[in-house]
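Participant:
Residue numbers (the working numbering): 736 to 1054.
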């Protein structure tokens, strides 16, 4: 667990004490009833949070629109129904956040609560009105979903792509703004190079992110489909799919005589490099073994960026 999470939990664990100050415990018998001379403390009275009161409203659901930058396209119906039942019993405890847009409002954060309140038959919902730019709308919606209810890999990839294209960012800038590692963003964006039917398998949880990353090392969609269907039908693990991909890459398009002339240690090195880099690697060693070439294949620009980054380079340094 990260130190930031530990700090957050410690803070939240203080509960009312963090809001109202330390609670003074009364010793046994030391009460106003047992000691009439002792007067009970007056009721605690806190000044109202004027700014909070001014920004929080009960807003009709009919006046609220979904976040136009919402990355989520698939909602977990079981989780939504559980939240709906909770709202029927207890109401909406935490207000959603909206921004004003003409005569209506747009959701900045809290679309699940909005949907559940609608299903529960509520006409109004508590909401905090905040100003937010389009960039902040997209960033907040993406961060909220990533850290609370995970997007599926394709939704997350499209959200990253939308964020990058909408605000003219490169992958490094987008990762920094979203608090993500650059490789996380790059690996998700690579998923969009898969054909739609394989993307649908990811969306439907028939394939995992690990399966998809292994399939991307194959040079054609036809091969990717064949292995994806085999993985799904045989319930192959990610490691099993990676092994099959390596096996194909090791034998693909190499003349039989060339394969036979390679030393076993060269084949072992190729296999290890392919496993590390996630793509086809060929070592062409000269007869005496003192010279040769290492050929690393890439299949798209994102793949190229990923590989150069793994080798400690940036796109600017390679051009």
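Glycine included, each C-beta is placed from N, C-alpha and C at the ideal position. Remember, it's a predicted structure, so these values are computed and weren't measured experimentally.
#1: In the DSSP assignment, the beta strand (DSSP E) including residue 863 goes from what residue to what residue?
#2: May I ask you to report which of helix, strand or coil DSSP gives residue 1020?
#3: Pull up the distance between the alpha-carbon of residue 900 and that of residue 1020, whole angstroms please.
#4: Would you grab the beta carbon distance between residue 979 and residue 962 for me? Rounded to a whole angstrom, and I think it's under 8 Å.
#5: Quick check: the Cα distance between residue 893 and residue 858, rounded to an integer number of angstroms?
#6: Rounded to a whole number of angstroms, what is the C-alpha to C-alpha distance between residue 886 and residue 802?
#7: Using the three-state DSSP reduction, which class does residue 835 fall into: helix, strand or coil?
#8: Rounded to whole angstroms, what's the CA-CA distance from residue 940 to residue 1027? Just pull it up for me.
#9: For residue 795, which beta-bridge partners are listed by DSSP?
#10: My understanding is that residue 916 touches residue 909, with C-beta atoms under 8 Å, so please give their C-beta distance in whole angstroms.
#11: What's the C-alpha gap between residue 839 and residue 800?
#12: Throw me the rounded Cβ distance for the residue 946 and residue 968 pair, which I believe falls under 8 Å.
#13: Residue range of the alpha helix (DSSP H) that residue 969 falls in?
Facilitator: This is what the structure gives:
#1: First-last of the beta strand (DSSP E) with residue 863: 859 to 864.
#2: Residue 1020 falls in the strand class under three-state DSSP.
#3: Residue 900 and residue 1020 have their C-alpha atoms spaced approximately 43 Å apart.
#4: Contact holds; Cβ gap of about 6 Å.
#5: Their Cα atoms are separated by approximately 33 Å.
#6: Approximately 16 Å, taken between the alpha carbons.
#7: Secondary structure of residue 835 (DSSP, three-state): strand.
#8: Between the C-alpha atoms of residue 940 and residue 1027 there is a straight-line separation of about 43 Å.
#9: Answer is 859, bridged to residue 795.
#10: Taking the Cβ atoms as the reference, residue 916 lies roughly 11 Å from residue 909, outside the contact range of under 8 Å.
#11: Roughly 7 Å between the two C-alpha positions.
#12: Taking C-beta atoms under 8 Å as the contact rule, residue 946 and residue 968 fail to qualify, at a distance of about 13 Å.
#13: From DSSP, the alpha helix (DSSP H) with residue 969 extends over 956 to 969.
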